[in-house]
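One structure is given here, and the rest of the page talks about it.
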Amino acid sequence: MAKRLGIFVIVLAVVGFGIALISLREMPLVETATITTGQAIEAVYATGTVEPTIMLPISARRTARLLDLRVDEGAAVEAGQILAQLDDSDMRAVLSELRAQGELAQQAYDRQNSIRNSAAFNRANYDAALAELRATKAAIERAESDVAELKLTAPNDGQIIRRDGEVGEMINSGQAVFWFTCCAPLRISAEVDEEDIPQVTAGQQTLIRADAFPGQVFDGKVQSITPMGDATARSFRVRVELEPDTPLMIGMTVETNVVLREEPSAILAPRSAVIDGQVWVLDSDDRLQSVAVTTGTRSSSHVEILSGLQDGDEVVTNPSTDWSDGQAARRDWRLRNLARVPVSEWLGS
């Protein structure tokens, strides 16, 4: 009898274990994240290009061959510094001839002037010599100006940011040989979608990223908005002023984010936890509870929760439509994480 009772107890234990094992297997294995507070940013995204605030062409004023380049791209220059020399040999030959004529005209005038108080003085000869001298001097001044125009000089202290000429090349009048910048910080020219432009105003903070500086975010400020948009691209050009010490370089492509709203203590949840305004919360008894939430701005991986959750709640990040309120669940502790999110994740989303 005792032996049969023992066998019966063992059978019951095995059956009970089997039922418990089946029940355990039927419990969903859930991945969770603990809700925390952190910074949330709502921003208007746009791509842009770094450019100088002031960019002036230094152009040839006469057509001539480029003989000498004295600076290159990136060079710091001073006002009046000679940057390049165009071929002035023909002009110098003309100037030399005019100077020789000027010496003869000066001598002729001096002779007429020396006899002004003598009987040999002739007013017509004197006036002709004076007129010739004045005409020759004017011609020399014009020739000297022509020679000077064949030197390209810096208009102010600044930097050469681009060169468009090579030694030996024929440069046309009006053709830019250098591009020059000075006196102002760099800026970004960004194209903002026409649907977003009503939210953008001068003075707004901008957060900027560039592939050349991975992991870094730079500050800027909206400087101006072009009043006329591009009908083809359906966008408006926005100028963003950069800090004077920015490491960004002219011509770089950047991601520009105009900050519309910044919440330093937002409640954040993983995007995967929110489906159609609903979140599954795992309570202290490891049971699932469905919670309706109101969401705000979204980053690449997180969403701002405006109502429905609080700091410390544990949400399920692999929800299913097959669950029901009060259903028991198993935590997958290996995949438990926190909902902290860096600022950079709110940019360009």
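For what it's worth, numbering that gives the first Met the number 0 labels the leading residue of the sequence shown as 0, then goes sequentially.
Beta carbons are placed, not taken as given, at the ideal position from N, Cα and C, and that holds for glycine.
- Per the C-alpha coordinates, the member of R236, V302, E30, E168 positioned closest to A268 is V302.
- Burial state of R162 is buried, judged by a 10 Å Cβ sphere holding 16 or more other Cβ atoms.
- Spanning the alpha carbons of D86 and V176 requires a straight line of approximately 14 Å.
- Distance check between L206 and each of N256, D275, N171, M248 places N256 closest, using alpha-carbon atoms only.
- In this structure the segment 244-264 does not touch the segment 276-290; the number of beta carbon pairs closer than 8 Å is below three.
- Under the three-state reduction of DSSP, N256 is assigned to strand.
- In this structure, A138 sits near L97, with a CB-CB distance shorter than 8 Å.
- If the five residues before and after A265 are omitted, its C-beta is found closer than 6 Å to the C-beta atoms of A39, E303, all from its own chain and listed in chain order.
- Counting C-beta atoms within 10 angstroms of its own C-beta, G47 has 16 or more neighbours from the protein chains shown and is therefore classed as buried.
- Taking a 10 Å sphere around the C-beta of A78, we find fewer than 16 other C-beta atoms and assign the residue as exposed.
- In this structure, V221 sits away from A32, with a CB-CB distance that is not shorter than 8 Å.
- Rounded to whole angstroms, the Cβ separation of M90 and V146 is 5 Å, and the two are in contact under 8 Å.
- Cα atoms of T35 and P184: separation of roughly 39 Å, rounded to the nearest angstrom.
- Taking a contact as a CB-CB distance under 8 Å, the pair S223 and A201 counts as one, their CB atoms being some 6 Å apart.
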